[in-house]
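A.B. asks: Counted the way numbering that gives the first Met the number 0 counts, the sequence shown spans residues 0 to 182. Even glycine gets a Cβ: it sits at the ideal position worked out from N, Cα and C.
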Amino acid sequence: MARKKRQKKPVWKDIEKRISKFDKAQFTELIHELYGLSSDNKDFLLTRFSIGENPLATYKKIVQDAIHPYLEDGEPLEIEKANDAISRYAKAVDDPPDEAELRTFYVECGNNFTLSYGDIDEDFYDAMLEMYEYAIETVLELPPKEREVFKARLQNIMESANGIGWGYYDGLCGLYEEAFPED
């Protein structure tokens, strides 16, 4: 019985070999086709090249709508949508100050949501603590001058959470004090 030869699964290197032979027109046409293929591709390219509205403002709006919806209008809380927006922005731009802005803003929105509507649930606070930790990590990568503005905002988040349940306040304090022991 003859054995079937297994075909090698295509990987990025296979594509890279092909596009390395493209001239400018072919490469431009490929990007144009990808742009038209999906809204995610379109958003990625517009964000990458800072075309149109301020991309950071656009993504902040997505985060705010997802993390601090207007419950009176029946809008749902969509933590995954906010996480996805931050991830897509970071992949498109790779700009640590903007990433620190989005991550810090995310937790500010979550805090404000709780202060507006009361305690949420453990999953919500776990997501806020995780993003707070990511925000701190990103802020610590910034030059000292840029770091100070975010440090003040992170401290404000922590202080404003005093009295919020589910161990959230204690978690914020622990993360902040570990990152900024001099305070």
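1. For Gln63, name the three-state secondary structure that DSSP assigns.
2. With burial defined as no fewer than 16 other Cβ atoms inside 10 Å of the residue's Cβ, what is the status of Asp42: buried or exposed?
3. Under 8 Å, do Phe149 and Ala89 count as touching if we go by C-beta distance?
4. Along the alpha helix (DSSP H) that carries Pro151, what are the first and last residues, could you check?
5. Using beta-carbon positions only, say whether His67 and Phe104 come within less than 8 Å of one another.
6. The alpha helix (DSSP H) that contains Gln6, what's its start and end?
7. Can you tell me whether Lys59 is buried or exposed? The criterion is at least 16 other CB atoms within 10 Å of its CB, across all chains shown.
8. Give every residue of the same chain whose Cβ lies closer than 7 Å to the Cβ of Gly51, excluding the five residues on either side of it in the sequence, and list them in chain order.
9. For the putative contact between Tyr131 and Ile163, defined by C-beta atoms under 8 Å, what is the C-beta separation to the nearest angstrom?
10. Where does the unbroken alpha helix (DSSP H) through Ser19 begin, and where does it stop?
11. Considering only their Cβ atoms, is the gap separating Pro96 from Leu141 smaller than 8 Å?
12. Grab the span of the alpha helix (DSSP H) containing Ile163 for me, first residue to last.
13. Excluding the five sequence neighbours on either side, which residues of its own chain have a C-beta within less than 7 Å of the C-beta of Gly170, listed in chain order?
14. For Glu158, which residues from the same chain have a beta carbon less than 6 Å from its beta carbon, with the 5 sequence-adjacent residues on both sides left out?
C.D. replies: So, from the data block:
1. As a working mapping, residue 63 is identified with position 64 in the sequence shown. It is helical.
2. Indexing the sequence shown from 1 puts residue 42 at position 43. Flag for Asp42 reads buried.
3. Counting from 1 along the sequence shown, the entry for residue 149 is found at position 150. Counting from 1 along the sequence shown, the entry for residue 89 is found at position 90. No, the pair does not count as a contact, with Cβ atoms beyond the cut-off.
4. Stepping through the sequence shown from its first residue, residue 151 is reached at position 152. The amino acid at residue 151 is misidentified as Pro; the sequence shows Ala. Start and end: Pro143 to Ser159.
5. For the purposes of this step, residue 67 is taken as the residue at position 68 of the sequence shown. For the purposes of this step, residue 104 is taken as the residue at position 105 of the sequence shown. Contact flag unset, no.
6. Stepping through the sequence shown from its first residue, residue 6 is reached at position 7. Per DSSP, Gln6 belongs to no alpha helix (DSSP H) and is neither H nor E.
7. To locate residue 59, count along the sequence shown from 1; it is residue 60. Under this definition Lys59 is a buried residue.
8. Position 52 of the sequence shown, counted from the first residue, corresponds to residue 51. For Gly51, where only same-chain residues beyond five positions count, the Cβ hits under 7 Å are Leu45.
9. For the purposes of this step, residue 131 is taken as the residue at position 132 of the sequence shown. For the purposes of this step, residue 163 is taken as the residue at position 164 of the sequence shown. Their Cβ separation, rounded to whole angstroms, is 12 Å, which puts Tyr131 and Ile163 out of contact at 8 Å.
10. What you label residue 19 is simply residue 20 of the sequence shown in a count that begins at 1. Premise fails: Ser19 is in no alpha helix (DSSP H) and is neither H nor E.
11. Taking the sequence shown and counting its residues from 1, one reaches residue 141 at position 142. Taking the sequence shown and counting its residues from 1, one reaches residue 96 at position 97. Their beta carbons are under 8 Å apart, which means Leu141 touches Pro96 by this criterion.
12. Residue 163 sits at position 164 when you count from the first residue of the sequence shown. Taken as a continuous stretch (DSSP letters only), Ile163 belongs to no alpha helix (DSSP H), as it is neither H nor E.
13. For the purposes of this step, residue 170 is identified with residue 171 of the sequence shown, where counting begins at 1. Excluding sequence neighbours, Gly170 sits near Leu128.
14. As a position in the sequence shown, residue 158 is number 159, starting the count at 1. Correct list: empty, nothing qualifies.
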